[in-house]
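K.L.:
Before anything else, here's the structure in question.
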Amino acid sequence: MLRLFRVLVSALARGGIHMGLNRIDWAVGVIAPQPSDHLLEVGCGHGIAVTKVCDRLGEGEIVAIDRSAVMIAAAARRNAEHVAAGRATLRVAELRSFDLGGRRFDKAFAMRVGVFTRGDPAREFAALAQLLKPEGRLFLFHDEPSTGADDVGAARGGGPSPELAGRGTVGADF
Ligand SMILES: C[S@@+](CC[C@H](N)C(=O)[O-])C[C@H]1O[C@@H](n2cnc3c(N)ncnc32)[C@H](O)[C@@H]1O
Numbered sequence: 019m020l021r022l023f024r025v026l027v028s029a030l031a032r033g034g035i036h037m038g039l040n041r042i043d044w045a046v047g048v049i050a051p052q053p054s055d056h057l058l059e060v061g062c063g064h065g066i067a068v069t070k071v072c073d074r075l076g077e078g079e080i081v082a083i084d085r086s087a088v089m090i091a092a093a094a095r096r097n098a099e100h101v102a103a104g105r106a107t108l109r110v111a112e113l114r115s116f117d118l119g120g121r122r123f124d125k126a127f128a129m130r131v132g133v134f135t136r137g138d139p140a141r142e143f144a145a146l147a148q149l150l151k152p153e154g155r156l157f158l159f160h161d162e163p164s165t166g167a168d169d170v171g172a173a174r175g176g177g178p179s180p181e182l183a184g185r186g187t188v189g190a191d192f
């Protein structure tokens, strides 16, 4: 099944942080969305990557799913302009049962989604095989979250990450 698409990246985002980049900026740089790309994000959380992907899109689009309605609501607030413009579609959904009626994507990605590193992702890979075009690409990113915003800021050589400031603990075991 994995031959249907190429697994390009399972990497440490800290490499990007050491280059002075936010981990999500770095990952989006690796994904390198093209203006006409159709992308799927699994486990979008607050939708930060959605924003950064949309900033690179022209006629393309991103569909982002998260099984948490709270996270999708937050992502929708952050990306209201992109949703209104038709560049972003946000759905409460679990990957293993996500069905878009045969639509297929050029690229799919997930960042810090536990099932790919700590679970048994057979059903998730089966779903992705149905959701990607035959030459589609899958990008999986994993790093161990920092314990706090100050740690992220220190790794970046500055103060607390503006995306994470105010949160006591960054990341959770999903
Ligand atoms: C640790 S957060 C990471 C959020 C974001 N990708 C990031 O890197 O900051 C993992 C997110 O994935 C979602 N998630 C976990 N497993 C999922 C699945 N099988 N299908 C859809 N969403 C999932 C969780 O609800 C959570 O919002």
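In terms of our numbering, the sequence shown is residues 19 to 192.
Backbone N, C-alpha and C fix where the C-beta goes; we use that ideal spot for every residue, glycine too.
#1: How close, in whole Å, do the beta carbons of Val71 and Leu57 come, if the pair is a contact with beta carbons under 8 Å?
#2: Check whether the stretch 112 to 129 touches the stretch 143 to 150, taking contact to mean three or more Cβ pairs, one atom from each stretch, closer than 8 Å.
#3: Let me check you understand the geometry: is the CB of Cys62 closer than 7 Å to at least one non-hydrogen atom of ligand 2?
#4: Which of the three DSSP states is assigned to Asp124 in this structure?
#5: State yes or no: is the C-beta of Asp73 nearer than 7 Å to some heavy atom of ligand 1?
#6: Looking at the strands, I want to know which residues DSSP matches up with Ile83.
#7: Pick helix, strand or coil for Arg114, following the three-state DSSP scheme.
#8: Considering only the alpha carbon of each residue, which of Ala98, Ile80, Leu39 lies closest to Pro53?
#9: Which term fits Glu99, buried or exposed, when burial requires 16 or more other beta carbons within 10 angstroms of its beta carbon?
#10: Using a 10 Å radius around the Cβ and a threshold of 16 neighbouring Cβ atoms, would you call Val110 buried or exposed?
P.N.:
Reading it off the structure:
#1: 6 Å
#2: yes
#3: The ligand content of the structure shown is limited to ligand 1, which means ligand 2 is not among them.
#4: strand
#5: no
#6: Val60, Arg109
#7: helix
#8: Ile80
#9: exposed
#10: exposed
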